[in-house]
Amino acid sequence: MSSRPAKTAGTESRTAPGGDRISPLTGGRVPGHIAIIMDGNGRWATERGLPRAAGHRAGAENIRRVIERFAEHDVRYVTLFAFSTENWKRPPSEVSVIFQLIDRFLQRELHNMQRDNVRVRHLGHLEQLPKPLAERINNAVELTKSNDGLMLNICLSYGSRDEIVTAVKRIAEAGIPTEAITEETVSANLLTGGLPDPDLVIRTAGEQRISNFLLWQNAYAELYFTSGYWPDFGREDVDLALAEYGHRKRKFGKLLPEDLGSLEEN
Ligand code: FPP
Numbered sequence: 600m601s602s603r604p605a606k607t608a609g610t611e612s613r614t615a616p617g618g619d620r621i622s623p624l625t626g627g628r629v630p631g632h633i634a635i636i637m638d639g640n641g642r643w644a645t646e647r648g649l650p651r652a653a654g655h656r657a658g659a660e661n662i663r664r665v666i667e668r669f670a671e672h673d674v675r676y677v678t679l680f681a682f683s684t685e686n687w688k689r690p691p692s693e694v695s696v697i698f699q700l701i702d703r704f705l706q707r708e709l710h711n712m713q714r715d716n717v718r719v720r721h722l723g724h725l726e727q728l729p730k731p732l733a734e735r736i737n738n739a740v741e742l743t744k745s746n747d748g749l750m751l752n753i754c755l756s757y758g759s760r761d762e763i764v765t766a767v768k769r770i771a772e773a774g775i776p777t778e779a780i781t782e783e784t785v786s787a788n789l790l791t792g793g794l795p796d797p798d799l800v801i802r803t804a805g806e807q808r809i810s811n812f813l814l815w816q817n818a819y820a821e822l823y824f825t826s827g828y829w830p831d832f833g834r835e836d837v838d839l840a841l842a843e844y845g846h847r848k849r850k851f852g853k854l855l856p857e858d859l860g861s862l863e864e865n
């Protein structure tokens, strides 16, 4: 799937402050973690006079080339919003097509992921999925769990508010005293517990919203919106998004060293 070498040595030398990486391709700063809202499959198909299913198929086929490009830039985590809790409201035939495509993707790519040291994780309600798909996911997660290259998180039957409510319930059930509850407590009890927050969110198809995707985790993420549809989002688009990220100043509410000089009043 990607060209990531097994058990990368010396990766420390390619990190930049704040979890960013240094791209071996450009020498520029790239995000450690990228989250993607793959939007526009339906419109891509409709504009070609094709059924919506063809758009989802093209969207699923696009995932490999995008992940390969991220891996070439040394991005460590990619999180895909494949199916939201709200997507259950779509016609059953469309839901079924999306599930079939995800099933086929995992079946087809498992060998490549093993070869390329990619680790798969699932975020969301596994128990709501058809049993064979849930088993396929469990199998991919289990077989790739000791891979330490790029981590691919697939959000499937996932909703961020639901995730936060579940975390709150877990914290309450654990009997943690309120004064001991910190941001770290909440983060640790989310499905992403232990993972770094996304540095960059990419959404295709011209929509400019977050749509219940990693609401807590994206508090300081840079947002990148692009008008092209997901099936057309290619290697050059990855490069453009990463170049744009490299120009963003991430302040996390603080001042940057270059801003400190202008503190004094004239
Ligand atoms: C949004 O486009 C896309 C989805 C809801 C489904 C995304 C799923 C895939 C790309 C299938 C494969 C996924 C994996 C992980 C293999 P839309 O249908 O909302 O498009 P529209 O807004 O143009 O109608």
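Mind the numbering: the sequence shown is residues 600 to 865 in the numbering used here, read in order.
By construction, the Cβ of each residue, glycine as well, lies at the ideal position given by its N, Cα and C atoms.
Please read these numbers as outputs of a predicted model, since none were measured by experiment.
Residue i versus residue j: straight-line alpha-carbon distance, rounded
i    : j    : result
T791 : L749 : 15 Å
P776 : T784 : 11 Å
N549 : I662 : The shown model of the chain, from 600 to 865, leaves out residue 549, and the question about it has no answer.
R802 : L813 : 13 Å
Q807 : L822 : 9 Å
H632 : D619 : 8 Å
G758 : G852 : 27 Å
T678 : Q816 : 12 Å
G827 : S683 : 21 Å
R735 : G639 : 26 Å
F876 : G793 : Missing from the structure shown is residue 876; the chain here goes from 600 to 865 and no further.
D831 : L799 : 19 Å
V665 : D838 : 10 Å
Spatially closest choice to residue i from the options, by CA coordinates
i    : options                   : result
T842 : G618, N716, L679 and R628 : Here residue 842 is Ala; the residue named in the question, Thr, does not match the sequence. Nearest C-alpha to A842: R628.
Q706 : P830, A739 and A670       : A739
T716 : K744, F698, H724 and S695 : The question names Thr, but residue 716 is Asn in the sequence shown. Measuring from the Cα of N716, the nearest candidate turns out to be K744.
A681 : G626, S810, T645 and A773 : S810
H655 : A634, Y676 and L700       : L700
I697 : A787, E708, G658 and R849 : G658
Near the ligand FPP: residue i beta-carbon under 7 Å from a heavy atom
i    : result
R642 : yes
N686 : yes
R780 : According to the sequence provided, residue 780 is Ile. The question's Arg does not apply to it. Incorrect: I780 has no Cβ contact closer than 7 Å to the ligand FPP.
A659 : yes
F832 : no
H724 : no
A681 : yes
A804 : yes
Inter-stretch contact at 8 Å, needing at least 3 Cβ pairs: the region 751-770 / the region 724-732
yes
Does the contact criterion of 3 or more C-beta pairs under 8 Å hold for the region 759-775 versus the region 639-659?
no
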